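Asks: Residue numbers (the numbering used here), protein chains in the order written: chain A, 84 to 214; chain B, 10 to 123.
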Amino acid sequence: MPEMTKPRPKHLALHQIRLPLAGYASILHRVSGAGLFLMLPLLIWLLQLSLSPNPESAAMFSAVTDNLLVKLILLGLLWAFLHHFCMGIRILLIDIHVGVEKQQAHNSAMAVMVISLALTLVFGLKLLGAY
Amino acid sequence: MNRLVVGAHYGLMDWLAQRVTAIVMAVYTLIIFAAALGGATASREAWHSFMANGFIRYISFLFIVSLCYHAWVGVRDIWMDYLNSAAVRVILHVLTLLALIGYAGWAVQIIWRL
Chain A
84 MPEMTKPRPK HLALHQIRLP LAGYASILHR VSGAGLFLML PLLIWLLQLS LSPNPESAAM
144 FSAVTDNLLV KLILLGLLWA FLHHFCMGIR ILLIDIHVGV EKQQAHNSAM AVMVISLALT
204 LVFGLKLLGA Y
Chain B
10 MNRLVVGAHY GLMDWLAQRV TAIVMAVYTL IIFAAALGGA TASREAWHSF MANGFIRYIS
70 FLFIVSLCYH AWVGVRDIWM DYLNSAAVRV ILHVLTLLAL IGYAGWAVQI IWRL
């Protein structure tokens, strides 16, 4: 294996690398997935509180979700979920050879960014009680 | 490329599992969203009776299992990409797996005791 004789590891100048938009969307897919994984206990706990019949759980659910920090975390998770969802659909489409061309791939990455942010705004305002 | 691809084929299995679990979760998401539009989240009582429905409990179980399997593949890939030490990687793989199995049990009992 001749390539193994090259010096390793290579040190890439990350701040100088320019990625296409799809590259950033892809990194955000990973970041959003990691965030959702890390916050999974919070989400399961909220599910438990939302479904528990006892009144203390109802009060606890309100207290927790009224907390500003929790609201911000949930807003972040909302974006993470929506980005991961939209990007996932893009990946599934590319799997079946839809949007493989360079320009189409750029456009779909842009669509993922715009749609997930727009939906975050729509659902986020609901989360924050604006309507 | 002249290379014989042999082995346990878990690369293909993971690729497929990641797609199947993603589709299950996406469909579930749309069902829950439609239900919310239809008033399932209007009150605690409405939410409880919606989630206690037999079919919804069934698909909620599929969602939970899909989520945990999907997260396992994804998080494992993150550890594989960035951690060079095999010892640290193994420890985090095990911790990730144990966490996800526990989350699955926790979430399933929330749904199935309704």
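Where a beta carbon is used, it is the ideal one built from N, C-alpha and C, also for glycine.
Treat the numbers as computed from the prediction; the structure is a model and nothing was measured.
Beta carbon of A:L165, beta carbon of A:T203: below 8 Å?
Replies: Counting from 1 along the first sequence, the entry for residue 165 of chain A is found at position 82. Counting from 1 along the first sequence, the entry for residue 203 of chain A is found at position 120. In contact: A:L165 and A:T203 (Cβ atoms closer than 8 Å).
Asks: B:R66 and A:A141 - do their beta-carbons sit closer together than 8 Å?
Replies: Your numbering for residue 141 of chain A matches position 58 in the first sequence. Your numbering for residue 66 of chain B matches position 57 in the second sequence. Cβ atoms of A:A141 and B:R66: not closer than 8 Å.
Asks: Counting only Cβ pairs nearer than 7 Å, list the residues of chain A close to B:I160.
Replies: Nothing can be reported for residue 160 of chain B, as the shown portion of chain B is limited to 10 through 123.
Asks: Which of the residues in the region 81-112 of chain B, read from start to end, lie with their CB under 7 Å from any CB of chain A?
Replies: Hits within the stretch, in order: G83, V84, I87, Y112.
Asks: If distances are taken between C-alpha atoms only, which option among A:H112, A:L158, A:Q131 comes closest to A:I172?
Replies: Your numbering for residue 172 of chain A matches position 89 in the first sequence. The residue with the shortest Cα to Cα distance from A:I172 is A:H112.
Asks: Chain B partners of A:S133, CB-CB under 8 Å?
Replies: Looking up residue 133 of chain A in the first sequence gives position 50. Chain B residues near A:S133: R53, W56.
Asks: What is the DSSP secondary structure of A:R101, counted as helix, strand or coil?
Replies: The sequence position of residue 101 of chain A within the first sequence is 18, counting from 1. In this structure, A:R101 counts as coil in the three-state DSSP scheme.
Asks: Give every residue of the same chain whose Cβ lies closer than 7 Å to the Cβ of A:F206, excluding the five residues on either side of it in the sequence, and list them in chain order.
Replies: Working through the first sequence from its first residue, we reach residue 206 of chain A at position 123. If we look at A:F206 and ignore the five residues flanking it on each side, its Cβ neighbours are L161.
Asks: Measure the CB-CB distance between B:A26 and A:L175 and report whether it falls below 8 Å.
Replies: Locating residue 26 of chain B in the second sequence gives position 17, counting from the first residue. Locating residue 175 of chain A in the first sequence gives position 92, counting from the first residue. Not closer than 8 Å, so no.
Asks: In angstroms with no decimal places, state the Cα-to-Cα distance between A:G159 and B:I87.
Replies: As a first step, residue 159 of chain A is located in the first sequence; it is residue number 76 there, counting from the start. As a first step, residue 87 of chain B is located in the second sequence; it is residue number 78 there, counting from the start. Cα to Cα, the separation comes out at about 20 Å.
Asks: Does the beta carbon of B:R66 come closer than 8 Å to any beta carbon on chain A?
Replies: Stepping through the second sequence from its first residue, residue 66 of chain B is reached at position 57. No, because no Cβ of chain A sits closer than 8 Å to the Cβ of B:R66.
Asks: Using 8 Å as the limit for Cβ to Cβ distance, is B:T30 near chain A?
Replies: For the purposes of this step, residue 30 of chain B is taken as residue 21 along the second sequence, with counting starting at 1. No, no contact with chain A.
Asks: Do three or more CB pairs link the region 134-149 of chain A to the region 84-103 of chain A at distances below 8 Å?
Replies: The region 134-149 of chain A, when compared against the region 84-103 of chain A, does not touch it at the 8 Å Cβ threshold.
Asks: If I measure Cβ to Cβ from B:L123 and keep anything under 8 Å in the same chain, skipping five residues before and after, which residues do I get?
Replies: Translated into the one-based positions of the second sequence, residue 123 of chain B becomes position 114. If we look at B:L123 and ignore the five residues flanking it on each side, its Cβ neighbours are H57, M60, A61, R66.
Asks: Who are the neighbours of B:W115 on chain A, taking C-beta pairs under 7 Å?
Replies: For this step, residue 115 of chain B is matched to residue 106 along the second sequence. Result: I127.
Asks: Which runs of the beta strand (DSSP E), 3 residues or longer, sit entirely within the region 123-207 of chain A?
Replies: The region 123-207 of chain A contains no whole beta strand (DSSP E) run of 3 or more residues.
Asks: Rounded to a whole number of angstroms, what is the C-alpha to C-alpha distance between A:F168 and B:A44?
Replies: The residue you call residue 168 of chain A lines up with position 85 of the first sequence. The residue you call residue 44 of chain B lines up with position 35 of the second sequence. Whole-angstrom Cα-Cα distance: 18 Å.
Asks: Would you say A:D149 lies against chain B (beta-carbon separation less than 8 Å)?
Replies: As a position in the first sequence, residue 149 of chain A is number 66, starting the count at 1. Answer no: the Cβ-Cβ gap between A:D149 and chain B never drops below 8 Å.
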